[in-house]
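Peer 1:
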Amino acid sequence: MKFKSWLFHTYFLLRRPMTLGVRAVVLDEEAQSVFLVRHTYVKGWHLPGGGVERGETFMQALIKELREEGNIELTAPPQLFGLYKNAHVTNRDHVALYICRAFRQLKPRMPDREIAEARFFPLNDLPEGVTQATIRRLQEVATKTSPDELW
Numbered sequence: 001m002k003f004k005s006w007l008f009h010t011y012f013l014l015r016r017p018m019t020l021g022v023r024a025v026v027l028d029e030e031a032q033s034v035f036l037v038r039h040t041y042v043k044g045w046h047l048p049g050g051g052v053e054r055g056e057t058f059m060q061a062l063i064k065e066l067r068e069e070g071n072i073e074l075t076a077p078p079q080l081f082g083l084y085k086n087a088h089v090t091n092r093d094h095v096a097l098y099i100c101r102a103f104r105q106l107k108p109r110m111p112d113r114e115i116a117e118a119r120f121f122p123l124n125d126l127p128e129g130v131t132q133a134t135i136r137r138l139q140e141v142a143t144k145t146s147p148d149e150l151w
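So for the sequence shown, the UniProt record's numbering puts the first residue at 1; every next one is plus one.
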């Protein structure tokens, strides 16, 4: 694991003994394309999302993360798809996954210190480096399969 990624996760482990997060499957109107992000501190393409801060609801965190990572604003409530335990880095991480079908992107997301790249990709032509967890979540959503409990 890269030092930057290790430092990031260690910080959250010390700050929040149990972490809660949100992720979003943001699908275009025809459900043909999905929004993915590539961070500067961890490998691969991921669904947008992040941590739920103290005093914040899952919905508030989702709205904040979509705005920060994609300049995306929800125009209707998303659908809660599943709750997962993410034990890849720590045994204390839990993620709520939402499906977002009604939204608008205010402008394209430009790269910065956190986000290297963020954009929509056709579901049948995902970029190289999409994480296995992201692929599994997209398959669950596409096939309407019950979510696995593990991220």
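Built from N, CA and C at the ideal position, the CB exists for glycine as well.
Where residue 104 and residue 30 are concerned, what is the direct C-alpha to C-alpha distance, given to the nearest angstrom?
Peer 2: Translated into positions along the sequence shown, residue 104 becomes position 104. Translated into positions along the sequence shown, residue 30 becomes position 30. If I take the Cα positions, the gap works out to 14 Å.
Peer 1: Contact defined as beta carbons within less than 8 Å: I believe residue 17 pairs with residue 92. What is the distance between those atoms, to the nearest angstrom?
Peer 2: One-based indexing of the sequence shown puts residue 17 at position 17. One-based indexing of the sequence shown puts residue 92 at position 92. Yes, residue 17 and residue 92 are in contact; Cβ-Cβ is about 6 Å, under 8 Å.
Peer 1: Any idea which residues DSSP pairs residue 22 with across the strands?
Peer 2: Within the sequence shown, numbered from 1, the residue matching residue 22 stands at position 22. Looking at the DSSP assignment, residue 22 forms a beta bridge with 50, 96.
Peer 1: List the whole-angstrom C-beta distance separating residue 134 from residue 45, where the pair is believed to meet the contact cut-off of C-beta under 8 Å.
Peer 2: To locate residue 134, count along the sequence shown from 1; it is residue 134. To locate residue 45, count along the sequence shown from 1; it is residue 45. Contact flag correct, Cβ pair sits at about 7 Å.
Peer 1: Are there three or more Cβ pairs, one per stretch, closer than 8 Å when the segment 52–63 is compared with the segment 103–119?
Peer 2: Not touching, per the Cβ criterion.
Peer 1: Could you tell me the alpha carbon to alpha carbon distance between residue 126 and residue 73, rounded to whole angstroms?
Peer 2: Looking up residue 126 in the sequence shown gives position 126. Looking up residue 73 in the sequence shown gives position 73. Distance between the alpha carbons of residue 126 and residue 73 is about 23 Å.
Peer 1: Starting from the N-terminal side, write out each stretch of the alpha helix (DSSP H) that is 4 residues or longer and does not extend beyond the segment 115–146.
Peer 2: Here the runs fully enclosed are 132–143.
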